[in-house]
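*Asks:* This structure is in structure tokens; I'll ask about it shortly.
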Amino acid sequence: MTETAQDDVEGRLTAVRSAIGEAARAAGRRPEDVQLVAVSKTLGAKPIEEAIAAGQRLFGENRVQEAQAKWPELKDRFGDVELHLIGPLQSNKAKDAVALFDVIETVDREKIARALAREIEASGRNVRLFVQVNTGEEPQKAGVLPGEAQAFVTRCRREFGLKIEGLMCIPPLDEEPAFHFALLAKIAAEAGVARLSMGMSADFETAITFGATHVRVGTGVFGPREPA
Ligand SMILES: *Cc1c(COP(=O)(O)O)cnc(C)c1O
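Using the numbering used here, read the sequence shown as starting at 205 and increasing by one per residue.
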């Protein structure tokens, strides 16, 4: 990879895709079973359009309001884009989130599950859902506790009629992520959930070793973000 190629979105995307492929093959998995969610939070339309031009179709945003400001127009122009909500959701934003996002990865409490069930039914949109698990049991972090995850998934399915297709986690910054990825995979197997959203720029290869089906990569694709 040349330096200039690494300096633009297309070059970085190529590098990340090939690293995903290598990690998958090394783990005895098929590269196409790992999907890249390019995290475009804080970015304007230009780098996003560069990524789309380079063939990227899955994107992640962490704020409903920010996504509403930039994605409706892009989604009109590029109909096959798939938008993932990867940040916390307030129940008063459930309607907006259901209208815009294709996948909501951060279902983590009953109030949200109830609001999503209502808005999905009202809109008729087929929004796919992941439950966020707070694998590090960090008080400041969103997500259901590991010991409660299986019961919560069951409740979402039985009581609210939600199709939960995956689990998502954000490991503690200062800990070895492998433990958290293994824990998420174990909970998913117990809960009968097929997909795992785990791994970011620094650790997506490790996450793939532990079964990630979706890796969420921001800086690795777009370069360093401006401080928020
Ligand atoms: C920002 C963010 C990412 C991407 O982080 P990078 O380190 O830039 O790859 C992934 N997941 C979530 C939930 C995020 O908020």
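The beta carbon of each residue, even a glycine, is placed where N, CA and C say it ideally should be.
Hey, quick one: how far does the alpha helix (DSSP H) through residue 359 stretch, first residue to last?
*Replies:* Numbered from 1 along the sequence shown, position 155 holds the residue referred to as residue 359. Unbroken alpha helix (DSSP H) run through residue 359: 350-362.
*Asks:* Between the Cα of residue 388 and the Cα atoms of 396, 378, 400, which residue gives the shortest distance?
*Replies:* For the purposes of this step, residue 388 is taken as residue 184 along the sequence shown, with counting starting at 1. Comparing Cα-Cα distances from residue 388 to each of 396, 378, 400, the minimum goes to 400.
*Asks:* Kindly confirm or deny that the region 296-303 and the region 395-412 touch, where touching means at least three C-beta pairs closer than 8 Å.
*Replies:* At 8 Å Cβ cutoff, the stretches do not touch.
*Asks:* Could you check what DSSP says for residue 270 in three-state terms: helix, strand or coil?
*Replies:* For the purposes of this step, residue 270 is taken as residue 66 along the sequence shown, with counting starting at 1. Residue state, collapsed to three classes: helix.
*Asks:* I need the boundaries of the alpha helix (DSSP H) containing residue 414, first residue and last residue.
*Replies:* On the sequence shown, position 210 is the one that residue 414 refers to. Counting along the chain, residue 414 falls outside any alpha helix (DSSP H), and DSSP gives it neither H nor E.
*Asks:* Applying the criterion that 16 or more other CB atoms from any shown protein chain within 10 Å of the CB defines a buried residue, is residue 280 buried or exposed?
*Replies:* Position 76 of the sequence shown, counted from the first residue, corresponds to residue 280. The residue in question, residue 280, is exposed, as its Cβ has fewer than 16 Cβ neighbours within 10 Å.
*Asks:* Please specify which runs of the beta strand (DSSP E), each continuous and at least 3 residues long, are wholly inside the region 254-303, giving them in chain order.
*Replies:* Here the runs fully enclosed are 262-265, 286-289.
*Asks:* Less than 8 Å separating the beta-carbons of residue 366 and residue 321?
*Replies:* By one-based count along the sequence shown, residue 366 stands at place 162. By one-based count along the sequence shown, residue 321 stands at place 117. Result yes, Cβ atoms of residue 366 and residue 321 sit closer than 8 Å.
*Asks:* Determine, using beta-carbon pairs with one atom in the region 332-352 and one in the region 268-279, whether at least three such pairs fall under 8 Å.
*Replies:* Taking 8 Å as the limit for Cβ pairs, the verdict is that the region 268-279 does not touch the region 332-352.
*Asks:* Is residue 388 helix, strand or coil when you go by DSSP?
*Replies:* Taking the first residue of the sequence shown as position 1, residue 388 is located at position 184. Helix at residue 388.
*Asks:* Please confirm whether any heavy atom of ligand 1 lies closer than 7 Å to the CB of residue 412.
*Replies:* As a working note, residue 412 is residue 208 in the sequence shown. No, Cβ of residue 412 sits at least 7 Å from all heavy atoms of ligand 1.
*Asks:* Where residue 380 and residue 262 are concerned, what is the direct C-alpha to C-alpha distance, given to the nearest angstrom?
*Replies:* Here residue 380 refers to the residue found at position 176 of the sequence shown. Here residue 262 refers to the residue found at position 58 of the sequence shown. So the alpha carbons of these two residues sit roughly 27 Å apart.
*Asks:* Per DSSP, residue 372 forms a beta bridge with which residues?
*Replies:* Along the sequence shown, one-based indexing puts residue 372 at 168. Per DSSP, 336, 401.
*Asks:* Since residue 287 contacts residue 265 with CB under 8 Å, what's their CB separation in whole angstroms?
*Replies:* Position 83 of the sequence shown, counting from 1, holds the residue named residue 287. Position 61 of the sequence shown, counting from 1, holds the residue named residue 265. The Cβ separation is near 7 Å, so the contact holds.
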